[in-house]
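Chemist: Okay, here's the structure, questions in a sec.
Numbering (our numbering), first residue to last: 2 to 189.
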């Protein structure tokens with residue numbers, strides 16, 4: 002008889018890895034490096050969000066898989082591509098060294114070649130259940146952005162549309178700006 006030992010979020014935070022990982026239901030999930038196109042879309046999105054955050058004040062934009070604890074017992078720590086956090090919700094109004102224990106206002110995931118839609122929709126539901134107000138899934142192939150909110154059908158924006166956010170007051174950007182210098186058929 003074997004016993005499965007789940008790793009806690011605290012234990013996970015003390016570990017180091019040579020590749021991207023998340024903690025899902027107490028188990029380490031290995032992820033692939035998503036490639037150049039993914040990185041460019043993340044940079045474009047980060048630029049748009051950071052420009053808005055600096056002008057509006059009161060928000061921080063995090064990138065690069067900042068850990069966010071979505072569940073406890075067993076613990077899950079997800080690393081969205083980008084997130085927008087309200088400074089006033091942070092303990093002492095400072096970003097922690099470790100994982101976030103408060104829900105970001107918005108979480109952004111850029112679909113990688115290794116992601117299935119089933120995985121991304123489940124992850125979006127997990128983020129919303131943990132208190133995130135909006136989840137944006139950016140689809141490089143079609144250059145669409147899918148916006149998920151609690152108890153509503155997703156909104157799908159095309160390259161020619163304008164993205165505005167109920168959760169980020171005053172945020173507005175042409176969807177095409179998220180895909181600046183990105184070909185919809187470029188390989189990753």
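Idealized CB from N, CA, C, for every residue including glycine.
List the endpoints of the continuous beta strand (DSSP E) containing residue 117.
Modeler: Here residue 117 refers to the residue found at position 116 of the chain shown. Looking at the DSSP string, residue 117 is not in any beta strand (DSSP E), and its letter there is neither H nor E.
Chemist: Could you tell me the distance, in whole angstroms, from the CA atom of residue 38 to the CA atom of residue 107?
Modeler: In the chain shown, counting from the first residue as 1, residue 38 sits at position 37. In the chain shown, counting from the first residue as 1, residue 107 sits at position 106. Between residue 38 and residue 107, the C-alpha separation is close to 22 Å.
Chemist: Kindly list the residues whose CB is nearer than 7 Å to the CB of residue 132, restricted to its own chain and excluding five residues on each side of it in sequence; keep chain order.
Modeler: The sequence position of residue 132 within the chain shown is 131, counting from 1. Correct list, in chain order: 104.
Chemist: At the level of alpha carbons, what is the spacing between residue 189 and residue 36?
Modeler: For the purposes of this step, residue 189 is taken as the residue at position 188 of the chain shown. For the purposes of this step, residue 36 is taken as the residue at position 35 of the chain shown. Note on residue 189: pLDDT 43, under 50, position unreliable in the model; no value is reported.
Chemist: Just the C-alpha distance for residue 86 and residue 134, rounded to the nearest angstrom, thanks.
Modeler: For the purposes of this step, residue 86 is taken as the residue at position 85 of the chain shown. For the purposes of this step, residue 134 is taken as the residue at position 133 of the chain shown. Spanning the two alpha carbons is a distance of roughly 11 Å.
Chemist: May I have the straight-line CA-CA distance separating residue 140 from residue 183, to the nearest angstrom?
Modeler: Working through the chain shown from its first residue, we reach residue 140 at position 139. Working through the chain shown from its first residue, we reach residue 183 at position 182. Each residue's alpha carbon lies about 12 Å from the other.
Chemist: Does the beta-carbon distance from residue 63 to residue 49 come in below 8 Å?
Modeler: Residue numbering aside, residue 63 sits at position 62 when the chain shown is read from its first letter. Residue numbering aside, residue 49 sits at position 48 when the chain shown is read from its first letter. Taking 8 Å as the Cβ cut-off, residue 63 and residue 49 do not qualify as a contacting pair.
Chemist: Leaving out five residues before and five after residue 23 in sequence, what residues of the same chain have Cβ atoms less than 6 Å from its Cβ?
Modeler: Sequence index remark: in the chain shown, residue 23 carries index 22 (1-based). Answer for residue 23: 30, 79, 80, listed in chain order.
Chemist: If you follow the beta strand (DSSP E) that residue 82 is in, where does it begin and where does it stop?
Modeler: Start at 1 with the first residue of the chain shown, and residue 82 comes out as number 81. From DSSP, residue 82 is part of no beta strand (DSSP E); its letter is neither H nor E.
Chemist: Can you grab the Cα-Cα spacing for the pair residue 46 / residue 179, in whole Å?
Modeler: For the purposes of this step, residue 46 is identified with residue 45 of the chain shown, where counting begins at 1. For the purposes of this step, residue 179 is identified with residue 178 of the chain shown, where counting begins at 1. The straight-line gap from Cα to Cα measures roughly 5 Å.
Chemist: Rounded to a whole number of angstroms, what is the C-alpha to C-alpha distance between residue 17 and residue 28?
Modeler: Translated into positions along the chain shown, residue 17 becomes position 16. Translated into positions along the chain shown, residue 28 becomes position 27. Going by the C-alpha atoms only, they are around 15 Å apart.
Chemist: Just the Cα atoms here: how many angstroms apart are residue 137 and residue 149?
Modeler: Within the chain shown, the letter at position 136 stands for residue 137. Within the chain shown, the letter at position 148 stands for residue 149. Rounded to whole angstroms, residue 137 to residue 149 spans 6 Å at the Cα level.
Chemist: Determine the closest residue to residue 59 out of 153, 89, 112, 144, with distance taken between C-alpha atoms.
Modeler: Position 58 of the chain shown, counted from the start, is the residue given in the question as residue 59. Checked all of 153, 89, 112, 144; the closest Cα to residue 59 is 89.
Chemist: Relative to the C-alpha of residue 175, which residue among 14, 75, 159, 33 is closest?
Modeler: To locate residue 175, count along the chain shown from 1; it is residue 174. Nearest of 14, 75, 159, 33 to residue 175, Cα basis: 159.
Chemist: Check for me: the beta strand (DSSP E) holding residue 163 runs from which residue to which?
Modeler: In the chain shown, counting from the first residue as 1, residue 163 sits at position 162. It spans 163-165 - the beta strand (DSSP E) in which residue 163 sits, taken as one unbroken run.
Chemist: In the DSSP assignment, what are the bridge partners of residue 69?
Modeler: Your numbering for residue 69 matches position 68 in the chain shown. DSSP lists 79, 101 as partners of residue 69.
Chemist: Enumerate in chain order the residues of its own chain whose CB-to-CB distance from residue 102 is below 6 Å, with the five nearest sequence positions on each side excluded.
Modeler: Locating residue 102 in the chain shown gives position 101, where the first residue counts as 1. The residues are 70.
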